[in-house]
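Written below as structure tokens is the structure these notes are about.
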Amino acid sequence: MNTPPPAIPAPIPLLSGQDFFETCTGFEEIAIANQFGHTPIALAERDPSMMSRAMVMVMFCRAGIDVITAKQYALGHTLRAIQAAFSDSDTPGDVIEDDPDSDAGKLGAVE
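When you read off a place in the sequence shown, starting at 1, and then add 151, the result is the number in the working numbering.
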């Protein structure tokens with residue numbers, strides 16, 4: 152019988168995937184590379200959904216779970232559950248320089 156993994160210990164308030172990644176230490180980046188076979192940047196480019204799982208692995212590690220078990224928990228969750236651990240990327244304050252409606256776009260707009 153397969154036991155479902157425990158709930159994802161996502162930070163409150165939720166962060167976007169990019170914002171969460173920016174909180175990672177170099178040690179966490181090495182753990183991602185060791186467990187997923189690619190550096191976080193390469194993983195994000197090659198397989199964004201697996202990068203999201205890697206970020207969830209980091210969440211479990213920060214909650215005190217060892218890295219091997221944390222990876223298994225992250226892999227055991229559905230993609231829907233993984234995506235729910237992050238805020239939408241279009242939250243207020245996100246920097247979208249090419250979008251004139253974003254905060255950065257408004258600052259860079261020439262009128």
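All C-beta atoms, glycine included, are put in the ideal place defined by N, C-alpha and C.
These numbers were taken from a predicted model, which means no experiment stands behind them.
Nearest neighbour of Leu230, chosen from Phe211, Val218, Pro199 [CA to CA]: On the sequence shown, position 79 is the one that residue 230 refers to. Of the candidates Phe211, Val218, Pro199, the residue whose Cα lies closest to the Cα of Leu230 is Pro199.
State the CB to CB distance for the pair Ala232 and Ile183, rounded to an integer number of angstroms; the pair is presumed to be in contact (CB under 8 Å). Locating residue 232 in the sequence shown gives position 81, counting from the first residue. Locating residue 183 in the sequence shown gives position 32, counting from the first residue. 19 Å between Cβ atoms; not a contact.
Whole angstroms are fine: how far does the CA of Thr190 sit from the CA of Ala221? Here the question's residue 221 lines up with position 70 in the sequence shown. Here the question's residue 190 lines up with position 39 in the sequence shown. Answer to the nearest angstrom: the Cα atoms are 18 Å apart.
Is the beta carbon of Phe178 less than 9 Å from the beta carbon of Arg204? Residue 178 sits at position 27 when you count from the first residue of the sequence shown. Residue 204 sits at position 53 when you count from the first residue of the sequence shown. Cβ atoms of Phe178 and Arg204: not closer than 9 Å.
CA-to-CA distance, Val209 to Glu196, given in whole angstroms: Residue 196 sits at position 45 when you count from the first residue of the sequence shown. Residue 209 sits at position 58 when you count from the first residue of the sequence shown. Looking at the two C-alpha atoms, the distance is approximately 18 Å.
Ala236: buried (16+ other C-beta within 10 angstroms of its C-beta) or exposed? Taking the sequence shown and counting its residues from 1, the one referred to as residue 236 is at position 85. Buried, since its Cβ has 16 or more Cβ neighbours within 10 Å.
Unbroken stretches of the alpha helix (DSSP H), 4 residues or longer, contained in the region 154-185: 168-172
Distance check for Asn153 and Ala265, CA to CA, integer angstroms please. Examination of residue 265 is not possible in this model, given that the chain is present from 152 through 262 alone.
Got a sec, what are the start and stop residues for the alpha helix (DSSP H) Ile192 sits in? Mapped onto the sequence shown, residue 192 falls at position 41. For Ile192, the enclosing alpha helix (DSSP H) starts and ends at 191-197.
Return the chain-ordered list of same chain residues with a C-beta closer than 6 Å to the C-beta of Pro156, the five sequence neighbours on each side being excluded. Residue 156 sits at position 5 when you count from the first residue of the sequence shown. Correct list, in chain order: Tyr224, Gly227, His228.
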